[in-house]
Amino acid sequence: MAAIHHRHGGFCRELKKVRKGPFIIGVAGGTASGKSSVCQKIIEAIHQDPSTKDSKIVCVSLDNMYRDLGPDESEKAAQGKFNFDHPDAFDLNLLTKIMKDVKEKKSTQVPKYDYRLNARISGEFVAIEPSDVVLVEGILAFYWPELRDNYDMKLFVDTDADTRLARRVRRDTAERGRSLDTILNQYTSTVKPAFEEFCLPSKKFADVIIPRGADNTVAIDLIVQSIKDVLAADQQLSPTKPNAHGDGPLPP
Ligand code: ADP
Ligand code: C5P
Ligand code: MG
Numbered sequence: 006m007a008a009i010h011h012r013h014g015g016f017c018r019e020l021k022k023v024r025k026g027p028f029i030i031g032v033a034g035g036t037a038s039g040k041s042s043v044c045q046k047i048i049e050a051i052h053q054d055p056s057t058k059d060s061k062i063v064c065v066s067l068d069n070m071y072r073d074l075g076p077d078e079s080e081k082a083a084q085g086k087f088n089f090d091h092p093d094a095f096d097l098n099l100l101t102k103i104m105k106d107v108k109e110k111k112s113t114q115v116p117k118y119d120y121r122l123n124a125r126i127s128g129e130f131v132a133i134e135p136s137d138v139v140l141v142e143g144i145l146a147f148y149w150p151e152l153r154d155n156y157d158m159k160l161f162v163d164t165d166a167d168t169r170l171a172r173r174v175r176r177d178t179a180e181r182g183r184s185l186d187t188i189l190n191q192y193t194s195t196v197k198p199a200f201e202e203f204c205l206p207s208k209k210f211a212d213v214i215i216p217r218g219a220d221n222t223v224a225i226d227l228i229v230q231s232i233k234d235v236l237a238a239d240q241q242l243s244p245t246k247p248n249a250h251g252d253g254p255l256p257p
């Protein structure tokens, strides 16, 4: 355990522990609650601030971590009858491997996923470069203890179920090639029950609950400020980099 004197905005702060890898933030919440939008806003804010614009921040989405389906499962998925909201729908081995890589600051690859075909796009990947901050977002981002234990901060995006369903209908018809009938059948038969069984109970692990998702600019600003504080403290520790405010590293 080491204490770091962090000079920021004229005040000193003691951080109790030193991290080796990136600062990892878990972002959970129901379908269409605004997880991806909140992550996007955080990334934009970090990139726009002159003191952190060169920091590397990346988002890893559980939306790309669905496992391959067998022929019978694919048939069910095409009819909106496969349960994509159950933990068994995910490729936990892939998720574990990607988390290990990001923690060790190794470049890694996440498969691209096609929601129209309910399958990975063969041979196509999104590259994840070593980063200072990693956002891990998904409906079950807090579900598995082995994933959850990696997070330095946990955010739960909390948006009313009716708002989420309305957004999901719009998104899935426009972007995921779904009919209204399929969306509503899937929502009532699997999405809603699995949300109540697996996602909602994981809210208790959150450090910060964000009501109304990306509309909540006050919450997002506070989270962004915490990330900037962490990045500034990391730079104070690194003897080679100037810190986020242009000073050199602090003397021991
Ligand atoms: P999630 O990743 O939790 O599923 P998204 O961020 O993808 O949620 O949002 C779901 C849909 O709702 C998207 O089409 C997005 O553009 C839209 N959306 C998200 N936040 C808002 C908002 N505050 N107001 C209106 N539409 C929104
Ligand atoms: O972005 P969002 O959190 O909404 O993504 C998760 C949702 O995607 C789940 O609720 C699941 O029902 C849906 N999904 C789907 N078809 C797939 C994979 C996931 O409808 N092939
Ligand atoms: Mg999303």
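The letter at position 12 of the sequence shown is residue 17 when you use this note's numbering, and the numbering goes up by one with no holes. Glycine included, C-beta positions come from ideal geometry on N, C-alpha and C.
Check, Outcome
"Beta carbon of Pro116 nearer than 7 Å to that of Phe130", "yes"
"Helix, strand or coil at Ser127 according to DSSP, with G and I counted as helix", "strand"
"Check: Lys269 C-beta below 6 Å from any heavy atom of the ligand MG", "Past the boundaries of the shown model lies residue 269; the chain is included only from 6 to 257, so the question cannot be answered."
"Residue span of the beta strand (DSSP E) that contains Cys64, given as start and end", "Ile62 to Ser66"
"For Glu142, the three-state DSSP class (helix, strand or coil)", "strand"
"Contact between the stretch 47 to 63 and the stretch 78 to 93 (3+ Cβ pairs under 8 Å)", "no"
"Closer than 6 Å: Ala37 CB and nearest the ligand C5P heavy atom", "yes"
"Closer than 7 Å to chain C by CB, Ala238", "Here there is only one protein chain, and chain C is not present."
"Burial state of Arg175 (16 or more Cβ within 10 Å)", "exposed"
"Validate contact between the stretch 156 to 163 and the stretch 212 to 225 using beta carbons, cut 8 Å, 3 pairs", "yes"
"Buried or exposed (CB count within 10 angstroms, at least 16 for buried), Val223", "exposed"
"Residue interval of the beta strand (DSSP E) (run including Pro135)", "Element bounds for Pro135: n/a, residue is neither H nor E."
"Ala219 CB to nearest heavy atom of the ligand COA below 6 Å", "By its list of ligands, the structure shown excludes the ligand COA, since it contains just the ligand ADP, the ligand C5P and the ligand MG."
"Reduced DSSP secondary structure (H/G/I, E/B, other) of Thr113", "strand"
"Cβ-based burial, Thr193 [other Cβ within 10 Å; buried from 16]", "exposed"
"Assumed close pair Thr113, Ile133 - CB separation to whole angstroms, cut-off 8 Å", "5 Å"
"Phe89 CB to nearest heavy atom of the ligand C5P below 6 Å", "yes"
"Beta strand (DSSP E) runs contained entirely in the stretch 178 to 255, provided each spans 3 or more residues", "213 to 216"
"Presumed contact (8 Å Cβ cut-off) between Arg181 and Arg121, rounded CB distance", "7 Å"
"Cβ pair Ile232, Val141 closer than 7 Å", "no"
"Ala37 vs Arg183 beta-carbon contact at 7 Å", "no"
"Exposed unless 16 or more other CB atoms sit within 10 angstroms - verdict on Lys179", "Checking the sequence, you will find Ala at residue 179 rather than Lys. Exposed."
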